[in-house]
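Chemist:
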Amino acid sequence: MVNQQNTIAVSIWRGDKEGGLKSYSVPLLDEQTILDLLTHIQRNIDPSLSYRFACRVGMCGSCAMQVNGKPRWVCRTLVRKAVRGNKLVLEPLPNLPVVKDLVVDMEPFFDKWQKAKGCFEPGQTALEEFLPIKPDEPRRRLADAAIECINCGCCYAACDVVASNEAYLGPAALNRAWSLVNDSRDGANKERLQAVTGTGGCQNCHTNSQCVARCPLELNPTRSIAGLKRKAAVAILKGKL
Amino acid sequence: MKDSFAIKLWLIQRVSGMLLGIFVVIHLVTMIVAIQGGLTAKEILERTSGNWLLGGFYSVFVITAALHGSVGLRTVAQETTGWRGVSLDAAVGLFCLLLVVIGLSAIRGLVL
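Protein chains in written order, with numbering that gives the first Met the number 0: chain B, 0 to 240; chain G, 0 to 111.
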């Protein structure tokens, strides 16, 4: 809550899964990001506060957390824009195990990235000529539209299917798989399509686009997942899946 | 169970959903046109008895609806109750069969 002394009362999750919210009063500054606010608390009020950050400029994706119930990068979120109804509540990302305070364990997120075969698999030997990548090629455009993901986990935290289905691979992993499915240099698309259509695969998506709404990079994982569904449908009809 | 079972069920639900969209429109238009001025049960049976085209259409309708509903119910059960595995598939399979039997017996009563 903003008061006349230009301070703000912010509630922050402390502890692990069993923890709770603790309130702090922090000076309110112009153009202050939530990351600035957390840094002030750690340096001046409570050095035991844990949170994760690295680049501070929206490039690494490590500072994602729940701000007033929605996943956001705190380095790119101004306090004055995030306050809703005089409230500012900071919590760890949902759908991931809490390590401490605002830090979550990203391992399940990256495990699913691997399960979706999110790694590039070279399709050629070193002896062959490189396959030319034409930027205007339709498949390359689809790959490019999905490729900028930096794995911050905002989409995963916002996804209601992840919340209800532990096996679901999630929007980021499926979006990554879609960018590789459209990469003409990749040689593992048959296995990748099997990986993204098994238990927890793309067919579980409810298409309600929470991932699109919450992606700080304005990517469209829902569209990527729809693309995987189309590919899967064609593969089934051709007897290849 | 093959790992592609779930995606195949998803495709069945998508295709059955598309077909149901068409079938429901045909059904509603037929009902609205046929019932102009009112119809007694006797008049309905007079028109449907021996009508194999109607019987065929509604048989496909019933099977499509049974598949669509059962696959959807399986997903809802998984997501809301956490029930998974062979027991769920068997229960949903039985539910599907029940819908088909009830639906086809109703059509039998109209056509035969």
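Where a beta carbon is used, it is the ideal one built from N, C-alpha and C, also for glycine.
Based on the DSSP secondary-structure assignment, which residues constitute the bridge partners of B/Lys-21?
Modeler: Answer by DSSP bridge pairing, in chain order: B/Ile-11.
Chemist: Is B/Gln-31 close to chain G, meaning its C-beta is less than 7 Å from at least one C-beta of that chain?
Modeler: For B/Gln-31, the answer is no, since every Cβ of chain G falls outside 7 Å of its Cβ.
Chemist: Shorter than 7 Å from the beta carbon of G/Ser-69 to some beta carbon of chain B?
Modeler: Chain B, which has no Cβ nearer than 7 Å to the Cβ of G/Ser-69, makes this no.
Chemist: Closer than 7 Å, Cβ to Cβ, to anything on chain G: give me those residues from the segment 134-166 of chain B, in chain order.
Modeler: Hits within the stretch, in order: Ser-163, Asn-164.
Chemist: By DSSP, does B/Lys-69 sit in helix, in strand, or in coil?
Modeler: Of the three classes helix, strand and coil, the one that applies to B/Lys-69 here is strand, per DSSP.
Chemist: If I'm right that B/Arg-191 touches B/Cys-154 with Cβ under 8 Å, what's the distance once you round it to whole angstroms?
Modeler: Not quite, the Cβ-Cβ distance comes to about 19 Å (not below 8 Å), so this is no contact.
Chemist: So is B/Gly-197 in contact with chain D if we call contact Cβ pairs under 7 Å?
Modeler: Absent from the structure: chain D. Protein chains present are B and G.
Chemist: What in chain B is Cβ-close to G/Leu-10, meaning under 7 Å?
Modeler: Under the 7 Å cutoff, chain B gives Ala-232, Ile-235.
Chemist: Whole alpha helix (DSSP H) runs in the segment 179-232 of chain B with 4 or more residues, listed along the chain?
Modeler: Those alpha helix (DSSP H) runs which fall completely within the segment 179-232 of chain B and span 4+ residues are 188-194, 209-213.
Chemist: Using the Cα positions of G/Phe-4 and B/Lys-239, report the straight-line distance between them to the nearest angstrom.
Modeler: Distance between the alpha carbons of G/Phe-4 and B/Lys-239: 13 Å.
Chemist: For the structure I just gave you, are there three or more beta carbon pairs, one from the segment 61-72 of chain G and one from the segment 94-106 of chain G, closer than 8 Å?
Modeler: With a cut-off of 8 Å, the segment 94-106 of chain G and the segment 61-72 of chain G count as touching, because enough Cβ pairs lie within range.
Chemist: Between B/Ser-183 and B/Thr-198, what straight-line distance do the alpha-carbon atoms span, to the nearest angstrom?
Modeler: Cα to Cα, B/Ser-183 sits roughly 26 Å from B/Thr-198.
Chemist: Alpha carbon to alpha carbon, how far is B/Ala-234 from G/Leu-10?
Modeler: Approximately 11 Å, taken between the alpha carbons.
Chemist: Does G/Phe-60 pass the burial test, meaning 16 or more other C-beta atoms within 10 Å, or should it be called exposed?
Modeler: Burial call: buried.
Chemist: Verify the CB distance criterion: does G/Ser-3 have a CB-CB separation below 7 Å to chain B?
Modeler: Judged by the 7 Å Cβ criterion, G/Ser-3 is in contact with chain B.
Chemist: Within 10 angstroms of the Cβ of G/Asp-2, are there 16 or more other Cβ atoms? Answer buried if so, exposed if not.
Modeler: Label assigned to G/Asp-2: exposed.
Chemist: From the DSSP output, read off the bridge partner residues of B/Thr-6.
Modeler: BP columns for B/Thr-6 point to B/Pro-26.
Chemist: Can you tell me which of the three DSSP states B/Val-56 falls into?
Modeler: Coil, per DSSP.
Chemist: Could you tell me the distance, in whole angstroms, from the CA atom of B/Asn-219 to the CA atom of B/Lys-230?
Modeler: Taking the straight line joining both Cα atoms gives about 17 Å.
Chemist: Which of helix, strand or coil does DSSP assign to G/Val-110?
Modeler: DSSP places G/Val-110 in helix when its eight states are reduced to three.
Chemist: Can you look up B/Leu-95 in the DSSP assignment and give me helix, strand or coil?
Modeler: If DSSP states are grouped into helix, strand and coil, B/Leu-95 belongs with coil.
Chemist: Where does B/Glu-294 land, buried or exposed, given buried means 16+ other C-beta within 10 angstroms?
Modeler: Absent from the model: residue 294 of chain B. The displayed extent of chain B is 0 to 240, so no value can be given.
Chemist: Please look up how many angstroms separate the CB atoms of B/Thr-124 and B/Cys-74, rounded, as I've assumed it's under 8 Å.
Modeler: No, B/Thr-124 and B/Cys-74 are not in contact; Cβ-Cβ is about 43 Å, not under 8 Å.
Chemist: Check each candidate in B/Asp-143, B/Leu-179, B/Thr-206 and name the one with the smallest Cα separation from B/Asp-135.
Modeler: Cα-wise, what sits closest to B/Asp-135 is B/Asp-143.
Chemist: Please report the residue range of the alpha helix (DSSP H) in which B/Val-160 lies.
Modeler: That run of the alpha helix (DSSP H) goes 159-163.
Chemist: To which residues of the same chain is G/Leu-103 closer than 7 Å at the C-beta, ignoring the five residues directly before and after it?
Modeler: So the list reads Ser-58, Val-61, once near-sequence residues are dropped.
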